[in-house]
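Engineer: Take a look at the following structure, please.
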DNA sequence: AAAGCGAATGATATCGATATCAAGATATCG
DNA sequence: CGATATCTTGATATCGATATCATTCGCTTT
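Chains as they are written, first to last, in my numbering: chain A, 1 to 337; chain B, 1001 to 1337.
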């Protein structure tokens, strides 16, 4: 018997089972199972003997078997929406520090992270997970709807107000971010602010709303300048178009740091001083912003913490604890612009 | 029935099994299994009937059960070495477009990606995978050794020459990258080049070797300026220190774009012209490099393609096909510096 | 017409773990 | 001392899929 087992060519390591361990320890499989899972049902002495044996022989639990029996997988699928909807390739640093936070939190809770990059339909492998985390651009509600149907606990990263039947939303408080920029502009006496970004993007729309509402309270109506690309070039182009149209403005709220840096460069080229003539505030607190000349003022979102929060929420949902959507506070980082 | 289904708080959906499908179709489980896996053993008519039924009722394969039976998991674990060894946080854009490539390739081959961020010892969940991909800084050989012991097919991202008993290495050809920079400097007549980077880092060491060897062939010996941080500040600081020490130099090869940009900024502040007085070439082709003023010359590594290659190699190893380590060519992108 | 063959399907065992229920050993109580 | 409670262990069934071997049926072959 044992012999037969050893004989097979086994491309994969022999890895012994609980049955093998049981034989070694002179007890039954079930006792081994209990011993390894710290069950109080087994005698302390037996438990330690079994555990020692398991360590000694390098026993590895067969996860598939356990998952089959327990009807759960101890796995959370993270679905990354690949379609770049607006020049941000999804594989840029930001959403990915989210991944870092998620991975860290789930791993330390004993869960595995199944990474999925959605290309077309819902991936079948997702079905095996205990819960879902959906990372997207926020633009594509179809993805949310698609995965809502899977019926698993789900947490979506995005703008508030997208909550649905079966999922909750975690995100950065974009509205508050917009408000904080407005407050800053007001406090330094700016009266002709411009907003640059893409209001079709739910997260940016929130920023715009916060910005507009806060300014409206002081009788100011900002100019909305739509830009779909979040690149340096796009920022340059935006400012040039303002200049050509002879628009009067003394403050710019750009929806990304790159846009902001482009804007500043264009302003300087036009002979305008930042921040004396025009004040500029970006979004995201890119590492480069701090080193930019002049150092860029911006709104910081804590992505890593967001990832941790996402993970905690799914876990809570999986364990049937009550959870609610939550927006995370942003920080206005005032540097020199 | 339907009612009951809808009513339960659905912690878990009922999800039918092959046995259920078998009954519905009036055949046996095996036939269902074969039908769904496109086996030629079943009648075409039966197969289609079963498949239609499966679709209609939303049948989902129980992955755990299949994996248990087949003794494989259709999963590749990607281990991300978290310890930031040199200021690069691992969660910055580069290694992560690797992840994108990996995920894309594995997913479309029907494999799942298990994301693990190593914090301490080898994660147990890794045991369940069919293969491993190790993404690290390259600095830490201990991680490689640790996972080598697991005995699974493994592919490591890094510098060549680290190949071990049980794994192969895929990486960017850093040596060639260094050579190409040297060639460029030679072709434009530079005679006093400086290398800025950390030679303890295997990948950078390769760049340095290529750089030095190529220059040596023309009787030139570059100055090695060690910098452990790959930040803008570090680049600024490097050039300042050169200046203070009154070193003569007319070319800089910086091991990261940020270092290069910092260097350029410092040079400009010192009243030197780039590239007239000093030519500068960075590494990585950061998105911002192209928009930098002046546009940065750099060495591009194709991360995404690297990810795809990593994935293909593990898959090949898993299927017992012969594989070898491989370095990917880099591209010198000459812009204005 | 008997034998032989291939196509289609099924019965059963199995992967490795755990839940359930039963049972033996020991301790405690009236 | 017999009975009940407690502690510890085990036998068996089960999770949902697939491999192996067996079986049935129709059709060709000589």
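Just so you know, even glycine gets a beta-carbon here, dropped at the ideal spot from N, CA and C.
(1) Just verifying my parser: in three-state terms, what is the DSSP assignment at residue 9 (chain A)?
(2) Just grab the DSSP bridge partners of residue 42 (chain A) for me.
(3) Could you pull the start and end residues of the alpha helix (DSSP H) that residue 243 (chain A) belongs to?
(4) Short of 6 Å in beta carbon distance, which residues of its chain neighbour residue 321 (chain A), apart from the five on each side in sequence? Order them along the chain.
(5) Let me see if you follow: with CB-CB separation under 7 Å, is residue 1256 (chain B) close to chain A or not?
(6) Alpha carbons only, please: which of B:1125, B:1177, B:1070 and B:1136 is nearest the one belonging to residue 111 (chain A)?
(7) If the cut-off is 7 Å on Cβ atoms, which residues from the segment 1162 to 1195 of chain B count as contacting chain A, listed in chain order?
(8) Report the residue from B:1191, B:1018, B:1024 and B:1023 whose alpha carbon sits nearest the alpha carbon of residue 1036 (chain B).
(9) Please name the residue, chosen from B:1313, B:1177, B:1213 and B:1318, that lies closest to residue 1254 (chain B) on a Cα-to-Cα basis.
(10) Where residue 1133 (chain B) and residue 1157 (chain B) are concerned, what is the direct C-alpha to C-alpha distance, given to the nearest angstrom?
(11) Taking CB distances under 7 Å as the criterion, tell me whether residue 1067 (chain B) reaches chain A.
(12) Could you spell out the range, first to last residue, of the alpha helix (DSSP H) harbouring residue 1066 (chain B)?
(13) Put residue 1147 (chain B) into one of helix, strand or coil per three-state DSSP.
(14) Does the beta carbon of residue 1329 (chain B) sit closer than 7 Å to a beta carbon anywhere in chain A?
(15) Contact between the segment 271 to 283 of chain A and the segment 241 to 259 of chain A: three or more CB pairs below 8 Å?
(16) Can you list the beta strand (DSSP E) stretches of 3 or more residues lying completely in the segment 1240 to 1294 of chain B, in chain order?
(17) Expressed to the nearest angstrom, what Euclidean distance is found between the alpha-carbon atoms of residue 72 (chain A) and residue 116 (chain A)?
(18) With DSSP collapsed to three states, give me the class of residue 31 (chain A).
(19) Can you name the start and end residues of the alpha helix (DSSP H) that residue 318 (chain A) belongs to?
(20) Can you give me the start and stop residues for the alpha helix (DSSP H) that residue 1179 (chain B) sits inside?
(21) Mind checking whether residue 1068 (chain B) and residue 65 (chain A) have CB atoms under 7 Å apart?
(22) Output needed for residue 300 (chain A): all residues of its chain with C-beta closer than 7 Å, excluding positions within five of it in sequence on either side, in chain order.
(23) How is the alpha helix (DSSP H) around residue 114 (chain A) delimited, first residue to last?
(24) Cβ closer than 9 Å: which chain B residues qualify as neighbours of residue 233 (chain A)?
(25) Within a Cβ cutoff of 6 Å, which residues of the same chain sit near residue 62 (chain A), ignoring the five residues on either side of it in sequence?
(26) With H, G and I counted as helix, E and B as strand and the rest as coil, what does DSSP make of residue 1335 (chain B)?
(27) Measuring only the C-alpha atoms, how far is residue 326 (chain A) from residue 135 (chain A)?
(28) Which of the three DSSP states, helix, strand or coil, is assigned to residue 50 (chain A)?
(29) Can you give the beta carbon distance from residue 1263 (chain B) to residue 1196 (chain B), rounded, assuming they're within the 8 Å contact cut?
(30) Looking at the secondary structure, which residues open and close the beta strand (DSSP E) in which residue 1135 (chain B) lies?
(31) Taking only the alpha-carbon atoms, compute the straight-line gap between residue 34 (chain A) and residue 1128 (chain B) and give it to the nearest angstrom.
(32) Could you give the DSSP three-state label for residue 1167 (chain B): helix, strand or coil?
(33) When the cut-off is 7 Å and only beta carbons count, does residue 113 (chain A) lie next to chain B?
(34) If the cut is a Cβ gap below 8 Å, which residues of chain A does residue 1116 (chain B) touch?
(35) At least one CB of chain B closer than 7 Å to the CB of residue 127 (chain A): is that the case?
(36) Just checking my contact of residue 1171 (chain B) with residue 1159 (chain B) at CB under 8 Å: how many whole Å lie between their CB atoms?
Structural biologist: On the basis of the data shown:
(1) Mapped onto the first chain, residue 9 (chain A) falls at position 9. Model confidence at residue 9 (chain A) stands at a pLDDT of 33, short of 50, so the residue's coordinates are unreliable and nothing is read from them.
(2) Counting from 1 along the first chain, the entry for residue 42 (chain A) is found at position 42. Per DSSP, none; premise fails for residue 42 (chain A).
(3) Looking up residue 243 (chain A) in the first chain gives position 243. Element bounds for residue 243 (chain A): 232 to 244.
(4) Here residue 321 (chain A) is taken as the residue at index 321 of the first chain, counted from 1. Cβ within range, chain order: n/a, list empty.
(5) The residue given as residue 1256 (chain B) occupies position 256 in the second chain. So no, residue 1256 (chain B) is outside the interface.
(6) Within the first chain, numbered from 1, the residue matching residue 111 (chain A) stands at position 111. Among B:1125, B:1177, B:1070 and B:1136, the Cα nearest to that of residue 111 (chain A) belongs to B:1125.
(7) none
(8) On the second chain, position 36 is the one that residue 1036 (chain B) refers to. For the residues B:1191, B:1018, B:1024 and B:1023, the minimum Cα distance to residue 1036 (chain B) belongs to B:1018.
(9) Translated into the one-based positions of the second chain, residue 1254 (chain B) becomes position 254. Ranking the options by Cα distance to residue 1254 (chain B), first place goes to B:1177.
(10) Within the second chain, residue 1133 (chain B) is the residue found at index 133, counting from 1. Within the second chain, residue 1157 (chain B) is the residue found at index 157, counting from 1. Taking the straight line from one Cα to the other gives about 8 Å.
(11) Taking the second chain and counting its residues from 1, the one referred to as residue 1067 (chain B) is at position 67. So yes, residue 1067 (chain B) belongs to the interface.
(12) On the second chain, position 66 is the one that residue 1066 (chain B) refers to. Here the alpha helix (DSSP H) through residue 1066 (chain B) covers 1063 to 1070.
(13) Residue numbering aside, residue 1147 (chain B) sits at position 147 when the second chain is read from its first letter. DSSP places residue 1147 (chain B) in helix when its eight states are reduced to three.
(14) If you number the second chain from 1, residue 1329 (chain B) lands on position 329. Judged by the 7 Å Cβ criterion, residue 1329 (chain B) is not in contact with chain A.
(15) yes
(16) 1251 to 1254 and 1279 to 1283
(17) Along the first chain, one-based indexing puts residue 72 (chain A) at 72. Along the first chain, one-based indexing puts residue 116 (chain A) at 116. Their Cα atoms are separated by approximately 19 Å.
(18) Taking the first residue of the first chain as position 1, residue 31 (chain A) is located at position 31. Of the three classes helix, strand and coil, the one that applies to residue 31 (chain A) here is helix, per DSSP.
(19) On the first chain, position 318 is the one that residue 318 (chain A) refers to. Residues 303 to 318.
(20) Here residue 1179 (chain B) refers to the residue found at position 179 of the second chain. Residue 1179 (chain B) -> alpha helix (DSSP H) spans 1174 to 1187.
(21) Locating residue 1068 (chain B) in the second chain gives position 68, counting from the first residue. Locating residue 65 (chain A) in the first chain gives position 65, counting from the first residue. Taking 7 Å as the Cβ cut-off, residue 1068 (chain B) and residue 65 (chain A) qualify as a contacting pair.
(22) In the first chain, the residue the question calls residue 300 (chain A) occupies position 300. Closer than 7 Å at Cβ, skipping near neighbours: 285, 330, 331 and 333.
(23) Locating residue 114 (chain A) in the first chain gives position 114, where the first residue counts as 1. Here residue 114 (chain A) belongs to no alpha helix (DSSP H); instead the beta strand (DSSP E) covers 112 to 118.
(24) Counting from 1 along the first chain, the entry for residue 233 (chain A) is found at position 233. Chain B residues near residue 233 (chain A): 1291.
(25) Here residue 62 (chain A) refers to the residue found at position 62 when the first chain is read from its first residue. Nothing listed; no residue qualifies.
(26) Within the second chain, numbered from 1, the residue matching residue 1335 (chain B) stands at position 335. Here residue 1335 (chain B) sits in coil by DSSP.
(27) Working through the first chain from its first residue, we reach residue 326 (chain A) at position 326. Working through the first chain from its first residue, we reach residue 135 (chain A) at position 135. Between residue 326 (chain A) and residue 135 (chain A), the C-alpha separation is close to 15 Å.
(28) Walking along the first chain from the start, residue 50 (chain A) turns up at place 50. Residue 50 (chain A) falls in the helix class under three-state DSSP.
(29) The sequence position of residue 1263 (chain B) within the second chain is 263, counting from 1. The sequence position of residue 1196 (chain B) within the second chain is 196, counting from 1. Indeed they touch by this definition, with Cβ atoms about 7 Å apart.
(30) By one-based count along the second chain, residue 1135 (chain B) stands at place 135. Here the beta strand (DSSP E) through residue 1135 (chain B) covers 1131 to 1135.
(31) What you label residue 34 (chain A) is simply residue 34 of the first chain in a count that begins at 1. What you label residue 1128 (chain B) is simply residue 128 of the second chain in a count that begins at 1. Going from the Cα of residue 34 (chain A) to the Cα of residue 1128 (chain B) covers about 21 Å.
(32) The residue labelled residue 1167 (chain B) in the question sits at position 167 within the second chain. Strand.
(33) Here residue 113 (chain A) refers to the residue found at position 113 when the first chain is read from its first residue. Yes, contact with chain B.
(34) Your numbering for residue 1116 (chain B) matches position 116 in the second chain. Simply 103, 107, 112 and 113.
(35) Numbered from its first residue, the first chain carries residue 127 (chain A) at position 127. Yes - at least one Cβ of chain B is within 7 Å of the one on residue 127 (chain A).
(36) By one-based count along the second chain, residue 1171 (chain B) stands at place 171. By one-based count along the second chain, residue 1159 (chain B) stands at place 159. Contact flag correct, Cβ pair sits at about 6 Å.
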